[in-house]
Amino acid sequence: MACDKCGKEAVVLQKYSGMHLCAHHEIEDVERKIKKRMRQDRMVVPGDHVAVAMSGGKDSAVTLSILFETFSMRPDIKFTAITIDEGIDGYRNFSIPRVKELCDKLGVPHIVVSFQEEVGCTLDEMLTHERKEASCTYCGVFRRTLLNTTARNIGANKLATGHNLDDDAQTVLLNVMNGDTERLARLRPSRPQEGLIPRIKPLMDVPEREVALYAFLKGLPFHMGECPYARESLRGEIKDMLNDFESRHPGTKYSIMRGFDNMVPCLKEKYPQVPLTKCEICGEPGIKGVCQGCKLKERIKIIGKPPLKD
Ligand code: SF4
Ligand SMILES: [Zn+2]
Ligand SMILES: [Zn+2]
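So in our numbering the end of the sequence shown lands on 327, straight run, no missing numbers.
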């Protein structure tokens with residue numbers, strides 16, 4: 018098939034737009050979507066220090082690469098890459114060297130923070146115990162906290178993550194299926210919260226498949242493996258269902274996000290943003306009382322070994 022823009026050989030068919038695109042025009046299209054979103058939401062402004070959450074996968078590699086390409090000539094804008102090493106054997110140990118490779122190439126400082134050091138044990142160790150929560154719950158709660166505290170400690174005022182269109186559409190569906198409309202409202206915060214570094218998601222309009230293709234076409238170093246725990250989660254099932262639906266009804270993922278954005282004003286009216294309070298144990302921002310991270314730490318302590326740091 019030929020590219021609909023220039024006639025060269027196409028590398029992708031965007032079923033949702035009906036366009037066949039060559040490598041050059043696919044790269045151009047992905048960058049256009051990302052830059053448009055960054056401009057529209059004023060994601061990066063003069064004086065920003067942006068911490069970039071880097072897992073070593075395609076999404077974070079593309080996020081850092083595009084942010085760097087767009088703003089590296091601006092001396093007033095600074096980037097620092099942060100990797101959380103959850104301690105997932107056979108996975109994270111392969112992805113961290115890819116982050117290092119990209120950061121070295123771009124000259125971006127890179128910080129690695131581990132669960133082992135900061136929580137007291139690795140995710141693999143946590144999951145060897147009898148547990149009530151899914152692996153991604155432990156992982157997500159501790160990783161979110163560590164990303165936030167690390168970004169805050171280095172003086173960053175924004176935290177960029179590699180969430181793409183698929184991730185966001187899955188999150189919306191996940192909350193709908195859980196009947197958690199309050200959490201749905203929190204996906205679009207109305208204003209920054211004290212102690213929480215505001216997040217930006219430059220890839221939110223790009224389908225996952227095209228993020229992967231972009232990373233490949235640009236020759237970015239990234240790790241292709243999947244987390245061994247990913248299939249345990251409901252999200253994994255939703256991902257398969259959504260991909261199946263998208264292939265039969267192209268544009269579904271964009272429609273879900275469009276529909277969600279139309280509902281946001283009603284959700285915000287029903288669930289106005291409540292100010293966060295400090296966790297009674299660790300002092301980190303949370304909804305009220307003890308934060309989820311401290312509750313999980315306590316649960317791991319109760320069910321036993323290994324001893325956790327306080
Ligand atoms: S799939 Fe779950 S356990 Fe694996 S890295 Fe992601 S959140 Fe963590
Ligand atoms: Zn072309
Ligand atoms: Zn706490």
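Even for Gly, the Cβ is constructed at its ideal location relative to N, Cα and C.
{"query": "How many Å lie between residue 311 and residue 299 at the Cα?", "result": "7 Å"}
{"query": "Less than 8 Å between CB atoms is the rule here; does residue 141 satisfy it with respect to chain B?", "result": "No chain B appears in this structure, which consists of one protein chain only."}
{"query": "Cβ of residue 301 within 7 Å of any heavy atom in ligand 3?", "result": "yes"}
{"query": "Take the Cβ of residue 60 as the centre, count every other Cβ of all protein chains shown within 10 Å, and call the residue buried at 16 or more, exposed below.", "result": "buried"}
{"query": "With residue 67 as the anchor, note down where its beta strand (DSSP E) starts and where it stops.", "result": "66-70"}
{"query": "Under 8 Å between the Cβ atoms of residue 176 and residue 214?", "result": "yes"}
{"query": "If you follow the beta strand (DSSP E) that residue 129 is part of, which residue opens it and which one closes it?", "result": "127-131"}
{"query": "Straight-line CA distance for residue 187 to residue 64?", "result": "33 Å"}
{"query": "Might you give, ordered along the chain, the residues of its own chain that have their beta carbon closer than 8 Å to the beta carbon of residue 120, omitting 5 neighbours on each side?", "result": "71, 81, 98, 126 and 127"}
{"query": "Check each candidate in 108, 273, 196 and 185 and name the one with the smallest Cα separation from residue 218.", "result": "185"}
{"query": "Work out the CA separation of residue 235 and residue 204 for me, nearest whole Å.", "result": "31 Å"}
{"query": "Using only the alpha-carbon positions, how far apart do residue 66 and residue 178 sit?", "result": "14 Å"}
{"query": "Got a list of residues with beta-carbon closer than 7 Å to any non-hydrogen atom of ligand 1, in chain order?", "result": "103, 105, 140, 152, 153, 156, 157, 160, 244, 246, 247 and 250"}
{"query": "By how many angstroms is the C-alpha of residue 37 removed from the C-alpha of residue 28?", "result": "7 Å"}
{"query": "Quick one: measure Cβ to Cβ for residue 83 and residue 48, integer angstroms, because I've assumed they're closer than 8 Å.", "result": "7 Å"}
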